[in-house]
Every structure is written in structure tokens, then in C-alpha cells.
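A.B. asks: Residue numbers 452 to 846, in this note's numbering, belong to the letters of the sequence shown in order. This is the structure I want to talk about, given as C-alpha cells.
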Amino acid sequence: MTGRERMRAVMTGGTPDRVPVMCQLALGHYFLNAGLDAIDIWHDTEAFAEALVTLQRRYGFDGILVNLPGRDPDWRSAIDAVEAEPDDPATRRIRWRDGRVTIAPPDETPWVVAANGSSTRPAFDDVDPDGLLYVEPHDLSGAKYPFSWGFDGEPAPLDPDRFFPKWHTDTLLRVRARVPDVSVHAEVFSPFSQLMELCDHESVLMALVLDPERVDAALSRLAEGASRLAVLWAGTDCDAILVSSAFVGGGLISREDYARFELPHLRRIVRAVHEARPGLPVYVHTCGALGDRLDLVAESGVSGIDTLDPPPLGDVELEDAFREVGDRLFLKGNLDPVGTLLEGTVDDVRTAGYQRLAAARGHGGYILSTACSVPSHAPPENIMALRGIVDESHA
């Protein structure tokens, strides 16, 4: 089987020839290991596509998550200057012609601040739900309200048919053309994640209690945009869609709040995808404690769950997850990215990997992966050990 065929089998209830391997890498890991300039990887469609394919091939992954959208091909024209930070020359500061500044470390995701260095996050009370449609946290100029693409300053039209720019799918299309035999996945941010990425976190969490109806209104608008984007991805030759929903684990919101503020909108996105392209797998990425809400995730209609943080990062033991939802969902992850991939040895990785394969044996629907993203400074030899594990287990 090719990686694409193998992943498809796992995600649709089939039988693969071996357990597939697919990790999401932190963007800083691409910056440090892809052999390209970090600023180019973050800002340039072609550079990021090249970085994705380079590390997929190096690590022998069966799939690639395209977790940055295409970029405006004219992005360089918006730059005023690029400077090294005086006290940290490895970190650069991009000054844009509109006054905003991007801080670009060599090993972390860049972030955008106002010209005076202040955050651009509004409080939730300052956001009109009717002025929302979709918030792309990884836009070149960051998440902002009203939302606009890049540095042209023009608010994006709230008409869903005109909201997403024509170059939005370019990275995925480039990756797909280069690796026809690899499973290529697109990413959509859940409405709750969009709201948390846009606004001051405390103001959103307080509003869950003090103004839940207004939160509902904002999430409904953002669900419309997320559904439109998911349908846009479904129109490409992608193999699956990941809904990134990092902020709905037990460490942030209760099971009851999950049922109200996450579940109906996740269902809406899944339904939109399946109406546009029946059978396309949709799975969800959530960090932290999920043990008390795995059943709710399964009720959303998704095909699988990504992350499944083990203790101490979360509370999910892989055996328990298979017993609870393994008959309905494929499972991806559960390997500690910090204690094992970053801080452990190759032997530690091999031991943890074989433990996951043993837990998955007899269930079929498992993708070997770290729970959350592989850290920026994780040793490459630790990551390469994952492919070696599955090859040995099949031999």
C-alpha cells in the first residue's frame, strides 16, 4: 500500500498493511530542520510546501497536515524592513509598511504586534458577532477584528462566497502535486478556537458564564465560515480535513460547556463536508484532558480523534479510548511529545511506540503519532524511530 492508501484504510474502517505514521510538526521544527529560511517558510507558499514535503520524506510519514494556508504571492511588497533583535540576533523583526511588526524567532511561530508593541487582541465585549465570519489565526498579519487578509488593510467581505482569497488553497495544491501517494490533510479552525485566537482569553471564558447567548451568536457566525472553508477544502483533492479545536479540553471548559459551545458547531462542519463530498474523513484535534468527553466527540459525526494527550499532559490512556470509542472512531496520537520525543532517547521512543501499537492491536483504526505537535527541538533521530517501529512490527 502507498501511504495514501494506508491512511485511507485506517480512516474509513478498512485494514491497512501496517499501522501508518503521521505526526504534526511544530512550525519551529520546520524552521530548524527544513533547510530554508524561517521567514520564508512562514510567509511564502512555495517555501512552506517545500518544507512539508522535505520533512515528510525524511521521517517517512504516511501523511502531511497542511496547517498553513496559501499566502498572498505579493507579500514581500508589504515589507518596510527586516532587522535583527539587538539582544537576540537570531530573532528577527519584520516591519511592515502599515506599521505592524512581526516578531520572528528561529524556532517558534511568529506573532504580530502593533507598531507600539502592544497586543492586537480585542476583548470579547468589543466584538460584534454580526461582524464575524472566519478568523484565520495563521494569517500573515495575525488574527484581528475586523478580519482582513495580509497587510492590505481592507476588511474581508462577509459574503461567504467572496471571503476566502483565491490563493488560500495554493499550499495544499502544491503539496498534493508533489506527493501523489501521500495522504494530504487540510485544516479548519473550530469556531471556539477562532474566538479564543481572536480575543483576550479571559474575556471569552468569562462570557461563557456572563453572556452565553452572545457567545452562541459569535460561534454560529464562525461556524458558517468554518463550514464554508471546509467545503472549499473538500473541493480539492485532499484526503481528510482536520478541525483544530485546541481549547475545548477539560482544563479549560467543562463537559457541559463542551456540549453547548463546541458540539453543535462541530456537527455543522462535519455535515457540510459530507454534503459536499460524501465519505471524506473529518477528524478533530483537541489538547489536554478529554477523558470525560470522548463520547461527546463521537456524537459529532467525526471520523476520528487526534491528540489523545496521555498523563501528565492530559488524562487519556489509549486502551481506555479504544474501549470507549474505538468501535466508532479512528484514533491518532497519545505518544507524549515532550517527555518522550523531546526529552527522551531513541530507546524511550521505541518503548513508548511499541506500547501504543500493543494497545491498538486488534482494533485496526490507529495512526501512530505524538499526542500534540512534535516540539521544535525534538531530535530528528527520535522522530525517525517511529517509522522504524512500524516497519519492524510488520516484518
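The C-beta atom is built at its ideal place from N, Cα and C for all residues, glycine as well. Bear in mind the structure is a predicted one, so any value in this text is a computation, not a measurement.
Which residues mark the beginning and the end of the alpha helix (DSSP H) in which THR622 is found?
C.D. replies: Translated into the one-based positions of the sequence shown, residue 622 becomes position 171. Unbroken alpha helix (DSSP H) run through THR622: 621-629.
A.B. asks: Helix, strand or coil for VAL735 per DSSP?
C.D. replies: Mapped onto the sequence shown, residue 735 falls at position 284. It is a strand residue.
A.B. asks: Where does the unbroken alpha helix (DSSP H) through VAL694 begin, and where does it stop?
C.D. replies: By one-based count along the sequence shown, residue 694 stands at place 243. First-last for VAL694: 691-695, but that is the beta strand (DSSP E), not the alpha helix (DSSP H).
A.B. asks: I'd like to know whether the C-beta atoms of LEU584 and PHE602 end up nearer to each other than 9 Å.
C.D. replies: What you label residue 584 is simply residue 133 of the sequence shown in a count that begins at 1. What you label residue 602 is simply residue 151 of the sequence shown in a count that begins at 1. Cβ distance not < 9 Å, so LEU584 and PHE602 don't count as in contact.
A.B. asks: Look at the alpha carbon of VAL461 and the alpha carbon of TYR805, and state the distance between them as a whole number of angstroms.
C.D. replies: Here the question's residue 461 lines up with position 10 in the sequence shown. Here the question's residue 805 lines up with position 354 in the sequence shown. Straight-line Cα distance between these residues: approximately 18 Å.
A.B. asks: How about the stretch 513-520 and the stretch 481-490: do they share at least three Cβ pairs that are nearer than 8 Å?
C.D. replies: Result no; under three Cβ-Cβ pairs closer than 8 Å.
A.B. asks: Given this structure, state the Cα-to-Cα distance separating GLN507 from GLU664, to the nearest angstrom.
C.D. replies: Counting from one through the sequence shown, the residue named residue 507 turns up at place 56. Counting from one through the sequence shown, the residue named residue 664 turns up at place 213. Distance between the alpha carbons of GLN507 and GLU664 is about 44 Å.
A.B. asks: Quick test of your reading: SER695 and PHE640, contact by CB under 8 Å. State the CB separation rounded to the nearest angstrom.
C.D. replies: Taking the first residue of the sequence shown as 1, we reach residue 695 at position 244. Taking the first residue of the sequence shown as 1, we reach residue 640 at position 189. At roughly 5 Å, the Cβ-Cβ gap stays under 8 Å, so SER695 and PHE640 are in contact.
A.B. asks: Could you name the residues that DSSP lists as bridge partners for SER599?
C.D. replies: As a working note, residue 599 is residue 148 in the sequence shown. Note: SER599 sits in a beta bridge opposite PRO606.
A.B. asks: Looking at LEU837: is its Cβ nearer than 9 Å to the Cβ of TYR510?
C.D. replies: If you number the sequence shown from 1, residue 837 lands on position 386. If you number the sequence shown from 1, residue 510 lands on position 59. Yes, these two residues count as a Cβ contact at 9 Å.
A.B. asks: Nearest CA to the CA of GLY700: which residue from GLY676, ASP667, HIS652 and ASP760?
C.D. replies: Against the sequence shown, residue 700 aligns to sequence position 249. Selected option, being the one with the closest Cα: ASP760.
A.B. asks: Alpha carbon to alpha carbon, how far is VAL776 from ASP538?
C.D. replies: As a first step, residue 776 must be located in the sequence shown, where it is residue number 325. As a first step, residue 538 must be located in the sequence shown, where it is residue number 87. One C-alpha to the other measures close to 50 Å.
A.B. asks: Helix, strand or coil for ASP662? Go by DSSP, reduced to three states.
C.D. replies: Residue numbering aside, residue 662 sits at position 211 when the sequence shown is read from its first letter. Reduced to three states, the DSSP call for ASP662 is coil.
A.B. asks: Give a yes or no on whether the C-beta atoms belonging to GLY686 and ALA727 are separated by under 9 Å.
C.D. replies: Position 235 of the sequence shown holds residue 686. Position 276 of the sequence shown holds residue 727. Yes, the pair counts as a contact, with Cβ atoms nearer than the cut-off.
A.B. asks: Is there contact between the stretch 494-506 and the stretch 616-630, where contact requires at least three CB pairs shorter than 8 Å?
C.D. replies: Judged by Cβ distances under 8 Å, the stretch 494-506 makes contact with the stretch 616-630, as three or more pairs qualify.
A.B. asks: I'd like to confirm the pairing. Which residues does DSSP put opposite LYS783 in its beta bridges?
C.D. replies: As a first step, residue 783 must be located in the sequence shown, where it is residue number 332. DSSP, once it has assigned bridges, lists ASP757 and ILE818 as partnering LYS783.
A.B. asks: Which residue's Cα is closest to the Cα of ILE692: LEU659, PRO763, ARG711 and VAL635?
C.D. replies: The sequence position of residue 692 within the sequence shown is 241, counting from 1. Checked all of LEU659, PRO763, ARG711 and VAL635; the closest Cα to ILE692 is VAL635.
A.B. asks: What's the C-alpha gap between ARG544 and ALA535?
C.D. replies: Walking along the sequence shown from the start, residue 544 turns up at place 93. Walking along the sequence shown from the start, residue 535 turns up at place 84. Between ARG544 and ALA535, the C-alpha separation is close to 6 Å.
A.B. asks: Go to SER844, then tell me how far its alpha helix (DSSP H) extends in each direction, as first and last residue.
C.D. replies: Residue mapping note: residue 844 aligns to position 393 of the sequence shown, counting from 1. That run of the alpha helix (DSSP H) goes 831-845.
A.B. asks: Can you tell which of GLY604, PRO788 and VAL733 has its C-alpha closest to the C-alpha of SER751?
C.D. replies: Here residue 751 refers to the residue found at position 300 of the sequence shown. Closest option to SER751, Cα to Cα, is VAL733.
A.B. asks: Report the rounded CA-to-CA distance for PRO561 versus THR553, giving the unit in angstroms.
C.D. replies: Translated into positions along the sequence shown, residue 561 becomes position 110. Translated into positions along the sequence shown, residue 553 becomes position 102. Near 6 Å, if we compare the C-alpha coordinates of THR553 and PRO561.
A.B. asks: Specify the secondary structure class of TRP440 as computed by DSSP and reduced to three states.
C.D. replies: Because the chain in this structure spans residues 452 to 846, residue 440 falls outside the shown range and cannot be described.
A.B. asks: Could you give the residue range of the alpha helix (DSSP H) that holds ASP491?
C.D. replies: Stepping through the sequence shown from its first residue, residue 491 is reached at position 40. Start and end: 489-494.
A.B. asks: Closest by CA to THR796, which one among ALA498, ILE834 and LEU769?
C.D. replies: Taking the first residue of the sequence shown as 1, we reach residue 796 at position 345. Nearest option by C-alpha distance: ILE834.
A.B. asks: Where do the ends of the alpha helix (DSSP H) carrying HIS636 lie?
C.D. replies: Against the sequence shown, residue 636 aligns to sequence position 185. Taken as a continuous stretch (DSSP letters only), HIS636 belongs to no alpha helix (DSSP H), being part of the beta strand (DSSP E) at 634-640.
A.B. asks: Leaving out the 5 sequence neighbours to the left and right, which residues in its chain are closer than 6 Å to GLU770 when beta-carbon positions are compared?
C.D. replies: Stepping through the sequence shown from its first residue, residue 770 is reached at position 319. Cβ neighbours of GLU770 beyond the five flanking positions: ALA810.
A.B. asks: Can you check which of these residues, LEU673, PHE615, GLY739 and ASP746, is closest to ARG719 by C-alpha distance?
C.D. replies: Residue mapping note: residue 719 aligns to position 268 of the sequence shown, counting from 1. Checked all of LEU673, PHE615, GLY739 and ASP746; the closest Cα to ARG719 is LEU673.
A.B. asks: In the DSSP assignment, the alpha helix (DSSP H) including ILE720 goes from what residue to what residue?
C.D. replies: In the sequence shown, residue 720 corresponds to position 269, counting from 1. Segment 714-727, the alpha helix (DSSP H) holding ILE720.
A.B. asks: Please report the Cβ distance between PHE643 and ASP558, rounded to the nearest whole angstrom; I am assuming they are in contact, meaning their Cβ atoms lie under 8 Å.
C.D. replies: One-based indexing of the sequence shown puts residue 643 at position 192. One-based indexing of the sequence shown puts residue 558 at position 107. Contact doesn't hold; Cβ gap of about 28 Å is too wide.
A.B. asks: Indicate the three-state DSSP secondary structure (helix, strand or coil) for PRO788 in the structure shown.
C.D. replies: Within the sequence shown, numbered from 1, the residue matching residue 788 stands at position 337. Helix.
A.B. asks: Figure out for me which residue from PRO826, MET458 and ASP576 has the closest Cα to the Cα of PRO467.
C.D. replies: Taking the first residue of the sequence shown as 1, we reach residue 467 at position 16. The option with the nearest alpha carbon to PRO467 is MET458.
A.B. asks: Quick check: what's the CA-CA separation for ALA723 versus ALA498?
C.D. replies: The residue labelled residue 723 in the question sits at position 272 within the sequence shown. The residue labelled residue 498 in the question sits at position 47 within the sequence shown. In a straight line, the C-alpha of ALA723 is about 31 Å away from that of ALA498.
A.B. asks: What separation, rounded to the nearest whole angstrom, lies between the Cα atoms of ASP577 and PHE698?
C.D. replies: The sequence position of residue 577 within the sequence shown is 126, counting from 1. The sequence position of residue 698 within the sequence shown is 247, counting from 1. The straight-line gap from Cα to Cα measures roughly 21 Å.
A.B. asks: I'd like to check one pair, PRO826 with HIS480: are the Cβ atoms closer than 9 Å?
C.D. replies: Here the question's residue 480 lines up with position 29 in the sequence shown. Here the question's residue 826 lines up with position 375 in the sequence shown. Contact: yes.
A.B. asks: Whole angstroms are fine: how far does the CA of LYS783 sit from the CA of VAL633?
C.D. replies: Taking the first residue of the sequence shown as 1, we reach residue 633 at position 182. Taking the first residue of the sequence shown as 1, we reach residue 783 at position 332. One C-alpha to the other measures close to 17 Å.
A.B. asks: Which residues bound the alpha helix (DSSP H) around GLY514?
C.D. replies: For the purposes of this step, residue 514 is taken as the residue at position 63 of the sequence shown. Looking at the DSSP string, GLY514 is not in any alpha helix (DSSP H); the run it does join, the beta strand (DSSP E), is 514-517.
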